[in-house]
Each structure stands twice: as C-alpha cells, then as structure tokens.
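Student:
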Amino acid sequence: MKAVRYDAFEGPLRLIDVHDPTPTRDGVVIKVGASGLCRSDWHGWKGHDADVKLPHVPGHEFAGSVIETGKDVRKWRKGDRITVPFSMGCGTCERCRTGDEQICDRYYQPGFTGPGSFAEYVALPYADANLVRLPDSMTFTTAALLGCRFATAYRAVVGQGRTQPGEWVAVHGCGGVGLSAAMIARALDARVIGVDIARDKLELARACGAEILIDANATPDVAGAIRNVTDGGVHVSIDALGSPATCRNSILSLRKRGRHIQVGLLLGAESEPPMPMSQVIARELEIRGTHGLQAREYAGMLELITTGRLNPERLLGKTITLSQVGPELAAMDSFPGVGVTVAVMG
Ligand SMILES: [Zn+2]
Ligand SMILES: [Zn+2]
26 MKAVRYDAFE
36 GPLRLIDVHD
46 PTPTRDGVVI
56 KVGASGLCRS
66 DWHGWKGHDA
76 DVKLPHVPGH
86 EFAGSVIETG
96 KDVRKWRKGD
106 RITVPFSMGC
116 GTCERCRTGD
126 EQICDRYYQP
136 GFTGPGSFAE
146 YVALPYADAN
156 LVRLPDSMTF
166 TTAALLGCRF
176 ATAYRAVVGQ
186 GRTQPGEWVA
196 VHGCGGVGLS
206 AAMIARALDA
216 RVIGVDIARD
226 KLELARACGA
236 EILIDANATP
246 DVAGAIRNVT
256 DGGVHVSIDA
266 LGSPATCRNS
276 ILSLRKRGRH
286 IQVGLLLGAE
296 SEPPMPMSQV
306 IARELEIRGT
316 HGLQAREYAG
326 MLELITTGRL
336 NPERLLGKTI
346 TLSQVGPELA
356 AMDSFPGVGV
366 TVAVMG
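If you're matching positions, the sequence shown starts at 26 in the numbering used here and goes up one per residue.
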C-alpha cells in the first residue's frame, strides 16, 4: 500500500510503498476514506512526542471502512463504516472497565504509538472497545473532522463542563478546538463568549455562535470584563489555547462554583503555571482537565450532527490528496490555524 512515512525527525515525508497491515486477533484493518491534518502530527514529526518511534506513518483523525477483522472481533465486519477516538482504550484495564477508555492505562494512539492513517490502510487493535459506527448520511470527510479537536471540545463542554441550557460559557482561544467548543456550547443553548487576540478568529467565533467577542489585546483585564458582562462570571470557562495567561484568565472569569476546563496543552517551561488558588477556594471553583472522548459518548455528538444542530463541516478548510500530505505537514509551523485540512483518499 501507499503510505506517508518519515525515517528521521524533521526528515523527508515521503509517499512510499510499504507492506499492507494485517489485523491483530482483537483488531481490524481499515481502508482509510479521509484523514485530517493536525498540529499534533507536526509535533510528532518534529520529535516532540516520546510515543513516536521511527520510521513512522502519522495520521490520527480519520474515518473509513472495515476490510478485515481479527478472529476475536465480535461487533464488526467487512464493509462497516467507522471512526475511532484518537486515544483508544484497551477495554480491559480498570479505567476502561469503569467507562473511562479516554484515559486507559494501556492506550493505543494510531499515528503516535503505532502507524497512522496517512496511508491507504491502517490497522487498529481493541476494535470492539473503540470503533464508532458512522451514520449513513455522514461522509468520511466530515467524520475525519470529529477525530481530535471536535471530540475533545465535546468532552470539555458536555462531559467535563456539564454545560446546561442558558449558562454562560467563555472560550479562551478561538483556534480549531475553541471554535468547536463555541459551536457545541451554542448547540446546547448556552450563551457563548469568545476571547482571542486575532480579529479574524473572533469573527469565526461569532459565526460559530459566540454572542460576545473579547479582543484580549485591547482588554487589559479580560476576566474582569467577562465578569462584568455576565453579572458575576461565566458558569463554564474553557482554556482552549493552553498558556499561563489564558489559564489564569479562564479561572478568574468564572462565577462562584464555576467550572474551568483545561483543554489546551501547556508545554515545557509553561507546564506548571501559577494558579489563583485563593479564588478557587473562596469561590468554590472546579478545575478539570480533558483528554479525549470515549467511543460510547460519540452517540450524543453524532446525534447533534445528524439532526443539524451541529455543523462540523464549518471547520473544513480544504481537502488535499495523500500525495500532498507530506508538504502540507512540513509547512504546518507557518500555518495560520484557520480551518482544518483533510486528506481524502481516492
Ligand atoms: Zn484500558
Ligand atoms: Zn489531532
């Protein structure tokens, strides 16, 4: 089969012929229909992710159809149209048995811990615990958009944020995951505030349902401004960017007993930012992280999409071919971050 592979970090991303994958006993082989490009793929190629072993085939936001099943697979057969969470649970550890496959102790991440989906075929273990059946009406390209940013935003707003109709939700950072969170919160009839330093991203946040926009560059006290317009603060606040400043602004923009959800990664020297812990105590605030979305929780998200309340297609930037993945991925450091690029396999 054809696959995009690199043999060295920051080395050439070549479209080459490699052996076709075979399924493990509990796994399947998927014919990839579409696979989204993500900054995490770029980080892996740069050598920033300890899970990636060389040589490596990247790609983790995908959808396709089952072409082969291992002999222990019970729920799936050839021809089934599926997607999977970017972090797959083993199905048997304590986390998985208690319903938290997104933080499995033996997780598998195609495109990181194993070969990914910038290829004609990808093998996946743990099929019965992780595959998600796609609605007939959903294209592979749309399903590929859900893989990582959208599913993470859904878990932040719905699972961890427990957002209720009529509540205020602030989204700090309006890139792909922030815009997804804005759209999902609006679909749940929450009232959304978008915060960013880029005017074009704020306009996208408005298009995704934010009713109040805050330009953080022009607002000395972002958290105070949010508390003012919401009569005491938002119910749910999401740091979708990941920086000491957005994390702090997010916590301080909450009303009493509000919920802060950390989505954006804080890396390197920023990984342990100072926290306004006195406010966390005095206002009884909640601080939660979010890592991924377990397969069973996809049902609620897919229903919001098939009933037209959520339109992930709005996040689509452009489609490319498998042969264009290498150059696109290598150029991601200068990528402005508006719209998701999806490789569609022909
Ligand atoms: Zn597990
Ligand atoms: Zn991703």
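Ideal placement from N, C-alpha and C gives every residue a C-beta, glycine not left out.
Just so we're clear, the structure is a prediction, and the values are computed from it rather than from any experiment.
Within the present structure, is the beta-carbon of GLU353 separated from the nearest heavy atom of ligand 2 by less than 7 Å?
Tutor: Taking the first residue of the sequence shown as 1, we reach residue 353 at position 328. Because no heavy atom of ligand 2 lies under 7 Å away, the Cβ of GLU353 does not count as near it: no.
Student: Measure from the alpha carbon of GLY84 to the alpha carbon of each residue in GLY371, VAL350 and MET357, then state which is nearest.
Tutor: Translated into the one-based positions of the sequence shown, residue 84 becomes position 59. Selected option, being the one with the closest Cα: VAL350.
Student: Does DSSP put ASP153 in a helix, a strand or coil?
Tutor: For the purposes of this step, residue 153 is identified with residue 128 of the sequence shown, where counting begins at 1. Here ASP153 sits in helix by DSSP.
Student: Could you name the residues of the same chain whose beta carbon sits closer than 8 Å to that of SER162, not counting the 5 residues immediately before and after it, in chain order?
Tutor: Position 137 of the sequence shown, counted from the start, is the residue given in the question as residue 162. Excluding residues within five positions, the ones whose Cβ falls inside 8 Å are THR331.
Student: Is the beta carbon of SER60 within less than 7 Å of some heavy atom of ligand 2?
Tutor: For the purposes of this step, residue 60 is taken as residue 35 along the sequence shown, with counting starting at 1. Not under cutoff, so the answer is no.
Student: What are the boundary residues of the beta strand (DSSP E) that THR344 is part of?
Tutor: Residue mapping note: residue 344 aligns to position 319 of the sequence shown, counting from 1. From DSSP, the beta strand (DSSP E) with THR344 extends over 341-345.
Student: Report all residues from its chain with a CB closer than 6 Å to the CB of PRO46; omit the five preceding and five following residues, and keep chain order.
Tutor: Walking along the sequence shown from the start, residue 46 turns up at place 21. Result list for PRO46: VAL54, TYR146 and ALA148, in chain order.
Student: In angstroms with no decimal places, state the Cα-to-Cα distance between ALA33 and ARG252.
Tutor: Taking the sequence shown and counting its residues from 1, the one referred to as residue 33 is at position 8. Taking the sequence shown and counting its residues from 1, the one referred to as residue 252 is at position 227. Going from the Cα of ALA33 to the Cα of ARG252 covers about 49 Å.
Student: Going by the beta-carbon positions, is the gap between ALA181 and ILE286 smaller than 8 Å?
Tutor: On the sequence shown, residue 181 is found 156 positions in, with the first residue counted as 1. On the sequence shown, residue 286 is found 261 positions in, with the first residue counted as 1. Yes. Within cutoff.
Student: Have a look at ALA320 and ALA169 and give me their C-alpha separation to the nearest angstrom.
Tutor: Residue numbering aside, residue 320 sits at position 295 when the sequence shown is read from its first letter. Residue numbering aside, residue 169 sits at position 144 when the sequence shown is read from its first letter. If I take the Cα positions, the gap works out to 15 Å.
Student: For HIS260, report the span of its beta strand (DSSP E) as first-last.
Tutor: In the sequence shown, residue 260 corresponds to position 235, counting from 1. Segment 259-264, the beta strand (DSSP E) holding HIS260.
Student: I'd like to check one pair, VAL367 with THR108: are the Cβ atoms closer than 8 Å?
Tutor: Mapped onto the sequence shown, residue 108 falls at position 83. Mapped onto the sequence shown, residue 367 falls at position 342. No, these two residues do not count as a Cβ contact at 8 Å.
Student: Among GLY293, LEU204, ILE312 and LEU290, which residue has its Cα nearest to the Cα of MET300?
Tutor: For the purposes of this step, residue 300 is taken as the residue at position 275 of the sequence shown. For the residues GLY293, LEU204, ILE312 and LEU290, the minimum Cα distance to MET300 belongs to ILE312.
Student: Do you know offhand how far PRO352's Cα is from ASP42's?
Tutor: Locating residue 352 in the sequence shown gives position 327, counting from the first residue. Locating residue 42 in the sequence shown gives position 17, counting from the first residue. C-alpha separation (whole angstroms): 18 Å.
Student: Identify whether ARG273 lies in helix, strand or coil by the three-state DSSP scheme.
Tutor: On the sequence shown, residue 273 is found 248 positions in, with the first residue counted as 1. Helix, per DSSP.
Student: Taking CYS115 and ARG131 to be in contact with their CB atoms under 8 Å, please state how far apart those CB atoms are, rounded to whole angstroms.
Tutor: On the sequence shown, position 90 is the one that residue 115 refers to. On the sequence shown, position 106 is the one that residue 131 refers to. Sure, about 4 Å apart at Cβ, within 8 Å.
Student: Whole angstroms are fine: how far does the CA of PRO48 sit from the CA of VAL91?
Tutor: Counting from one through the sequence shown, the residue named residue 91 turns up at place 66. Counting from one through the sequence shown, the residue named residue 48 turns up at place 23. Going by the C-alpha atoms only, they are around 11 Å apart.
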